[in-house]
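This report refers to the structure that appears directly beneath it.
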Amino acid sequence: MFCDSLARTLNCDIGIYSLDGKLIEGVDVGFKYTDNIFKDGSFTYLKVENMIVCVNKDLSQDACNLIKLYYENIKYKEAVNISQPLQYILNEDIDESKVLDKYLGCRVLYVKCHEDIREIIESIYEGERFETAEDEDGFYIAKIVEDAEMEANSLISGIGEEKGIELLIGAGGIINRSYTIKDSAAHSKEAVCLAQRLGFKEGFYPINKMIFYKIIESSNKEKIEKYIMGSVSSFNDILHDKELISTAEEIFKCNLNISEASRRMYVHRNTLLYRIDKIKGITGLDIKNFEDAVIFKTVLSFCKLKLT
22 MFCDSLARTL NCDIGIYSLD GKLIEGVDVG FKYTDNIFKD GSFTYLKVEN
72 MIVCVNKDLS QDACNLIKLY YENIKYKEAV NISQPLQYIL NEDIDESKVL
122 DKYLGCRVLY VKCHEDIREI IESIYEGERF ETAEDEDGFY IAKIVEDAEM
172 EANSLISGIG EEKGIELLIG AGGIINRSYT IKDSAAHSKE AVCLAQRLGF
222 KEGFYPINKM IFYKIIESSN KEKIEKYIMG SVSSFNDILH DKELISTAEE
272 IFKCNLNISE ASRRMYVHRN TLLYRIDKIK GITGLDIKNF EDAVIFKTVL
322 SFCKLKLT
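By the count of my numbering, the sequence shown reaches residue 329 at its end, each step adding exactly one.
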């Protein structure tokens with residue numbers, strides 16, 4: 022901060038006050054108002070814009086002028102940071118506290134797409150306050166989002182229809198005093214990367230729904246692999262059966278509702294039950310049962326994230 026940096030440079034105590042004498046920053050060294058520069062013994066008081074800087078040291082005229090220039094330089098840099106576009110802020114090493122208010126309450130969506138979709142995004146959000154940035158894999162969108170899933174589905178629909186492509190969209194958390202624009206942007210892309218590694222081709226994946234997979238990804242591969250081989254080693258037979266894998270994943274999407282899963286897969290309920298029994302025969306896990314379903318999903322996710 023301005024006061025701390027200045028105090029270290031001058032090797033003295035400094036207090037910054039409002040014009041009516043309220044301490045804003047630093048040490049309370051005693052307030053005295055001045056329209057320019059005022060000295061009282063070993064104390065120096067100077068007005069810098071709408072503040073009074075009080076220093077417990079006798080400063081020369083040149084030192085006072087340098088303080089004013091130093092403050093103006095800091096304010097200029099802050100103004101430059103705030104005015105910079107999202108692309109600059111994400112790529113450069115800046116003090117994120119200086120741009121916090123600009124993005125407070127926003128969250129970042131990441132659209133994984135190698136085609137140029139900037140104009141489509143701008144048309145979808147015409148009249149709204151938002152910012153975009155891009156990298157080699159896709160586009161970041163920073164804005165206040167009331168319903169992130171609805172927002173993502175709107176993008177998937179709009180861009181998909183225009184370009185005829187499938188889209189993966191991730192979302193970071195909502196930006197607050199301890200969670201920055203860069204945090205939200207990084208998490209939005211990380212969520213998409215996890216979804217892609219899990220084999221998903223399209224859809225919306227917010228970071229809070231991907232924590233389970235992030236924990237698995239961060240786990241010790243060797244230890245868990247040995248545990249799997251010792252308990253459900255036959256799981257490898259499932260991994261190469263696309264029909265059984267797609268059946269299990271659809272059942273999970275339908276919250277273990279067999280009838281709903283059969284309807285969405287356009288297969289008879291008895292066919293689905295046959296496949297579930299086949300999975301149980303191979304792994305010993307009945308995925309109609311919640312606990313067995315959790316184990317199956319955990320092992321499946323581990324295999325996709327760690328063994329591919």
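In this text, a Cβ means the ideal position worked out from N, Cα and C, and glycines have one as well.
The shortest C-alpha to C-alpha distance from residue 322 to any of 223, 268, 235 and 282 is the one to 235.
Classified as buried, residue 256 has 16 or more neighbouring CB atoms from the shown chains inside 10 Å of its CB. Ranked by Cα distance from residue 112, the options 132, 155 and 165 are led by 155. Residue 283 is classed as buried because its beta carbon has at least 16 other beta carbons within 10 Å across all chains shown. In the DSSP annotation of this structure, residue 152 is not part of any alpha helix (DSSP H); the continuous beta strand (DSSP E) holding it starts and ends at 152-155.
In the three-state scheme derived from DSSP, where H, G and I count as helix and E and B as strand, residue 290 is classed as helix. The C-beta separation of residue 63 from residue 79 comes to about 5 Å, placing the pair in contact by the 8 Å criterion. Following the DSSP letters along the chain, one finds residue 75 in no alpha helix (DSSP H) but inside the beta strand (DSSP E) bounded by residues 72-76. In the DSSP assignment, residue 182 falls within the alpha helix (DSSP H) that extends over 169-184.
In this chain, the alpha helix (DSSP H) harbouring residue 238 covers 232-238.
The beta carbon of residue 142 lies closer than 7 Å to those of 153, 160 and 162 in the same chain, with the five residues before and after it left out. Close CB contacts of residue 136 within its chain, under the 8 Å cut and outside five residues either way in sequence, are with 184 and 186 (chain order). With a cut-off of 8 Å on Cβ pairs, the region 192-202 is not in contact with the region 216-224, counting fewer than three such pairs.
Judged by beta-carbon spacing, residue 271 lies beyond the 8 Å limit of residue 290, meaning their Cβ atoms are not closer than that value. Taking all protein chains shown into account, residue 205 has 16 or more neighbouring C-beta atoms within 10 Å of its C-beta and is therefore buried.
Ranking 278, 223, 292 and 326 by CA distance to the CA of residue 308 puts 278 first. Put simply, of 293, 261, 292 and 158 the residue whose alpha carbon is nearest the alpha carbon of residue 325 is 261.
From the listed residues 122, 46, 72 and 209, the smallest Cα separation to residue 56 is found for 72. A straight-line Cα-Cα distance of about 22 Å links residue 233 and residue 196.
Residue 53 is a Cβ neighbour of residue 61, given a cutoff of 8 Å. By the neighbour-count definition (other C-beta atoms within 10 Å, threshold 16), residue 296 is a buried residue. Of the candidates 81, 48 and 92, the residue whose Cα lies closest to the Cα of residue 69 is 92. A straight-line Cα-Cα distance of about 30 Å links residue 294 and residue 245.
The residue from 88, 168 and 212 with its alpha-carbon nearest to that of residue 189 is 212.
Counting only residues of its own chain and dropping the five nearest sequence neighbours on each side, residue 85 has a CB closer than 6 Å to the CB of 58 and 67. With distances taken between CA atoms, residue 81 lies nearest to 65 out of 65, 90 and 75.
Per DSSP, reduced to three states, the secondary structure at residue 272 is helical.
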